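J.: Top line first, the protein sequences correspond to chains G and A.
For this note's numbering, count along the first sequence from 1 and bump the result up by 23.
Each step along the second sequence adds one to the number in this note's numbering, with nothing skipped, and position 232 is 217.
For glycine and all other residues, C-beta sits at the position ideal for the given N, C-alpha and C.
Computed from a predicted model, the values in this text were never measured in an experiment.
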Amino acid sequence: MPDAESIHVLVIFSCHTGKVERLALAAAVGAVQMRAAIRLRRIVDPSAETNDETSRMDRDYVAPRPEDVAWADVLILSVPNGLRSQIPAWGVKPVVSLTSQLSDPTASTGLHKDAVASDKPDVLPSRDEALQLGRRSVETARAR
Amino acid sequence: MVTLRKAGERGHANRGWLNSNFTFSFADYYDPKHMGFRSLRVINDDVVQGGKGFGAHAHRDMEIISYVLEGGLTHRDSMGTQHTVGPDTIQVMSAGSGVVHSEFNASPTEPVHFLQIWIVPSKEDVEPSYQEISVRPEEKKGRLRLLAGPDRVQGSAFLQQDARVYASVLNAGDRIETKIEPGRHAWVQVAEGTLVLNGQKLSTGDGAAISDEEKLVLEGSGEGAELLLFDLS
């Protein structure tokens, strides 16, 4: 069982209003509360309108890189299916979904069978739910 | 005993957008002889170019103070805080059980120069918090202005540790004498300028660890100095 201090959590989100970003941050905090190390990465939706939030987020976050996925023990995702191709392949690493946009959780997205989706499809979780998902992601990684 | 930590002996990293000097081990700079002093764990002297900064990253169980010397630094965190601090505001973030934040130069063109200070807290897992206090320039002139400590006095920010942080600006001819209580230690960090500490000359970027001394005598010299003084258990 890996030491709790060594769990690496990669949070990848796509957002153009700031709402999902706040949930991604909450999930990251949940992981940090469990003493994991975290990286936050953002996928830009090229079809989304630019605004002050997107300009700020363009500066605050970089896109996920293969080395980020290699580093991670578990991924937390909030990325629409149409943008998932921008995430480097994660193989069989466990994935926790922040927002239930898993139209086909076991197919070509490569999600591990232990992937945990939020309980309310198509509804954003609350900040506290996101924080708990972050904590659970660390437990999921620890259990492997 | 006063032990100098000369500016030129600090760790250094220049990434173009960021030019850092590390008083103690930090990131890729590791020196087992300089891992901190008492509860003082980090003093980083950072210059960040316009429009650049540190993207979202996490902290846990650390008291983090940002002391801006020039320019503005915009802080944004997972608690929903967004503030820009400058030379007349001090920012203290208690990471506690966990916080994610980013820090960016508020200017798209001009550099920001600041000291980032980490103090190890006396208690882990506390609720994260953010504090900001205003410090007028005249409050630091020729005197020690309390910035942060555990006592919640004199308009200072609260620190989760038996440590007090003071700032001062000394002109040539200014003299401050302060007692060090038995069993206490101190660290002096020269942010800018020159001063004389217990008879020893310190310049920009120099630090000094003080133990087993009964008092500190700080004297401004040359063009004067801006300094931080840490009173530590």
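Among the candidates A:S24, A:F39, A:A12 and A:A152, whose CA atom is the shortest distance from the CA of M47 (chain A)?
T.: The residue with the shortest Cα to Cα distance from M47 (chain A) is A:S24.
J.: Using the Cβ count rule (16 or more neighbours within 10 Å means buried), how would you classify P89 (chain G)?
T.: With fewer than 16 Cβ atoms within 10 Å of its Cβ, P89 (chain G) is classed as exposed.
J.: Less than 7 Å between CB atoms is the rule here; does S114 (chain A) satisfy it with respect to chain G?
T.: Chain G, which has no Cβ nearer than 7 Å to the Cβ of S114 (chain A), makes this no.
J.: Cutting at 7 Å between CB atoms, please list the residues of its own chain near M64 (chain A), excluding the five before and the five after it.
T.: So the list reads V84, P113 and Y115, once near-sequence residues are dropped.
J.: Looking at the C-beta of V111 (chain A), does it have a partner C-beta in chain G at a distance below 7 Å?
T.: Not an interface residue.
J.: If you check the beta carbons only, do S160 (chain G) and V43 (chain G) fall under 7 Å apart?
T.: Cβ distance not < 7 Å, so S160 (chain G) and V43 (chain G) don't count as in contact.
J.: Could you tell me whether the Cβ atoms of S119 (chain A) and D73 (chain A) are closer together than 7 Å?
T.: Yes, Cβ-Cβ distance for S119 (chain A) and D73 (chain A) is below 7 Å.
J.: I'd like to check one pair, A49 (chain G) with V34 (chain G): are the Cβ atoms closer than 7 Å?
T.: Cβ distance not < 7 Å, so V34 (chain G) and A49 (chain G) don't count as in contact.
J.: If we cut at 7 Å on Cβ distances, does G220 (chain A) have a partner in chain G?
T.: Since the displayed chain A opens at -14 and closes at 218, residue 220 (chain A) lies outside it and no answer follows.
J.: Could you check where the beta strand (DSSP E) with S160 (chain G) kicks off and where it finishes?
T.: Taken as a continuous stretch (DSSP letters only), S160 (chain G) belongs to no beta strand (DSSP E), being part of the alpha helix (DSSP H) at R150 to A166.
J.: Assign M20 (chain A) to buried or exposed, taking buried as 16 or more other Cβ atoms, counted over all protein chains shown, within 10 Å of its Cβ.
T.: Exposed, since its Cβ has fewer than 16 Cβ neighbours within 10 Å.
J.: Locate the beta strand (DSSP E) running through L58 (chain A), then write down its first and last residues.
T.: Here the beta strand (DSSP E) through L58 (chain A) covers L58 to D62.
J.: Relative to chain G, which residues along the segment 3 to 36 of chain A have a C-beta separation below 7 Å, given in chain order?
T.: Cβ contacts with chain G: none found.
J.: Near M(-14) (chain A), which residues of its chain fall below 6 Å by C-beta distance, leaving aside the five closest residues on each side in sequence?
T.: Correct list, in chain order: S196 and D197.
J.: Please name the residue in G:W94, G:V52, G:G53 and G:S108 whose C-alpha comes closest to that of I66 (chain G).
T.: Of G:W94, G:V52, G:G53 and G:S108, the residue nearest in Cα terms is G:S108.
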